[in-house]
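Take a look at the structure below.
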Amino acid sequence: YKGPDRQQMLVKGARKEGKLVIYSSMIINQMLRPLTEAFGKKYPFLEVKYWRGSSGKTFRKVTAEMRANALVADVIEGSGITGRIVKAKIALPFYSPELAAYPKKYRDPNRVWATTRLRYIGGAYNTKLVAKAEVPQTMEDLLNPKWKGKIAWRAGTSSSGQMIVITTLLLAWGDERTETFLKALAKQNVVPLHMSNRGVVDRVIEGEYWLAIGASAHHPVISARKGAPVAPMLLEPVPTLNATISILKGVPRPHAAMLMVDYLLSVEGQKLLQKQGYLPARPGVPPAEDLRQIVPSLVGKKEFFVSPKALLTTTKKSKKLAKKYFR
1 YKGPDRQQML VKGARKEGKL VIYSSMIINQ MLRPLTEAFG KKYPFLEVKY
51 WRGSSGKTFR KVTAEMRANA LVADVIEGSG ITGRIVKAKI ALPFYSPELA
101 AYPKKYRDPN RVWATTRLRY IGGAYNTKLV AKAEVPQTME DLLNPKWKGK
151 IAWRAGTSSS GQMIVITTLL LAWGDERTET FLKALAKQNV VPLHMSNRGV
201 VDRVIEGEYW LAIGASAHHP VISARKGAPV APMLLEPVPT LNATISILKG
251 VPRPHAAMLM VDYLLSVEGQ KLLQKQGYLP ARPGVPPAED LRQIVPSLVG
301 KKEFFVSPKA LLTTTKKSKK LAKKYFR
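Right, here's the structure in full:
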């Protein structure tokens, strides 16, 4: 609905609904708590609740709720879940006046998702073990024999670690060049770790590995603030992923859901993301000062945007290649 009374209509409906539930992959203390507090202050008639889970867990939870006709979530926010939601056709198309501020690639043409924040996938290096002048700048730099046995990445999940590296290369370079590169990378004995992105970076901080690849580039920045011997590295082409917000079909509280979508996409919501150390997607709201070093366009690096659809359709091929070269 685009009429001039849209906001009043949403507020009136949300008052009757009285509650809003968001499912998200954002960290509770870092963002979900501050978000529900800020949104609750703006709309004091709403009781705001959150639940946090990985994209896989969230998708399983909402589909189970929908099958049981007992949907609890009003809004889904996260990275890695968008493609599944689209494929399952369980999201409701929506309109938000805030969307006009966003580039086309950050909005779904069918209006079932919009980008809330970005994630740059890079890596981390231990600053005690690796001199700044030696830090790899491109994927090919990882093939230097001196890195053999010293690189780790996360195994499994489609939107980070091993899989996102392979997916991005397939999309950016095509099959042949990617296979040639992976064949050579496999000889470097890259260590697959079955743990979170954060955990992989922590192993680099401890000096167990010198480099981590396929990790969220902001993690080492956050650790470096606390004095850890770690710094981010961006390897071209730099995979850029989006976290998105969607409203599911049959949500219990559609008006409150729409208010939350508007809020997270607004300058106010994006500034809250910025303040809490996330990377806002809205042009004109840059990330925190020390996070600007991981934004490719701000440091003269080539970024490669991996859309939710591309991520979903390429993952199968990436899994095959991961199995072929790294198992």
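Residue numbers (our numbering): 1 to 327.
We put the beta carbon where it would ideally sit given N, CA and C, even for glycine.
Owing to the predicted nature of the structure, the values given are computational and were not obtained by experimental measurement.
DSSP three-state assignment for residue i, whether helix, strand or coil
i, result
"Leu92", "coil"
"Asn242", "strand"
"Gly330", "No answer is possible for residue 330: the residues shown for the chain start at 1 and end at 327."
"Lys49", "strand"
"Gly80", "coil"
"Tyr120", "strand"
"Thr115", "strand"
"Val72", "coil"
"Asn110", "coil"
"Ser297", "helix"
"Leu20", "strand"
Environment of residue i [buried if 16+ CB atoms lie within 10 Å]
i, result
"Lys150", "buried"
"Asp343", "Here the chain covers residues 1 to 327 and nothing more, so residue 343 does not appear."
"Ser297", "exposed"
"His194", "exposed"
"Gly161", "buried"
"Arg154", "buried"
"Thr384", "Residue 384 lies beyond the stretch modelled for the chain, which goes from 1 to 327, so this question has no answer here."
"Val112", "buried"
"Asp108", "buried"
"Gly269", "buried"
Range covered by the alpha helix (DSSP H) that runs through residue i
i, result
"Tyr1", "Neither: Tyr1 is in no alpha helix (DSSP H) and is coded neither H nor E."
"Pro308", "Pro308 to Phe326"
"Pro34", "Arg33 to Lys42"
"Met66", "Ser55 to Arg67"
"Ala186", "Asp175 to Ala186"
Residue range of the beta strand (DSSP E) that includes residue i
i, result
"Leu10", "Premise fails: Leu10 lies in the alpha helix (DSSP H), Arg6 to Glu17, not in any beta strand (DSSP E)."
"Glu303", "Glu303 to Phe305"
"Leu193", "Val191 to Leu193"
Heavy atom of the ligand NAD within 6 Å of residue i beta-carbon
i, result
"Lys317", "Absent from the structure shown: the ligand NAD. Ligands present: none."
How about the segment 264 to 280 and the segment 166 to 177: do they share at least three Cβ pairs that are nearer than 8 Å? no
Across the segment 223 to 234 and the segment 109 to 128, are there enough close Cβ pairs to call them in contact, namely three or more that are closer than 8 Å? yes
Are the segment 307 to 316 and the segment 83 to 97 touching, with three or more C-beta to C-beta distances below 8 Å? yes
Every unbroken alpha helix (DSSP H) inside the segment 131 to 163 [4 residues or more]: none
Continuous beta strand (DSSP E) assignments of at least 3 residues falling wholly in the segment 205 to 293: 211 to 216, 230 to 233 and 238 to 247
Segment contact, 8 Å Cβ cut-off, at least three pairs: the segment 17 to 30 with the segment 57 to 77: Contact between the segment 17 to 30 and the segment 57 to 77 is present: 3 or more CB-CB pairs across the two stretches fall below 8 Å.
Would you check if the segment 201 to 219 and the segment 124 to 136 touch, i.e. whether three or more CB-CB distances between them fall below 8 Å? yes
Does the segment 45 to 61 come into contact with the segment 3 to 22, if we say contact requires no fewer than three beta-carbon pairs (one atom in each stretch) closer than 8 Å? Below 8 Å, enough C-beta pairs join the segment 45 to 61 and the segment 3 to 22 to call them touching: three or more.
Whether or not the segment 243 to 261 and the segment 84 to 104 are in contact is what I'm after, with contact meaning three or more pairs of Cβ atoms, one per stretch, closer than 8 Å; do they touch? Because the criterion of three Cβ pairs below 8 Å is met, the segment 84 to 104 and the segment 243 to 261 touch.
Are there three or more Cβ pairs, one per stretch, closer than 8 Å when the segment 137 to 151 is compared with the segment 180 to 200? yes
For the segment 276 to 293 against the segment 133 to 148, are there 3 or more C-beta pairs whose distance is under 8 Å? Contact fails: fewer than three Cβ-Cβ distances are below 8 Å.
Evaluate contact between the segment 23 to 37 and the segment 51 to 58, counting only Cβ atoms and requiring at least three cross-stretch pairs below 8 Å. yes
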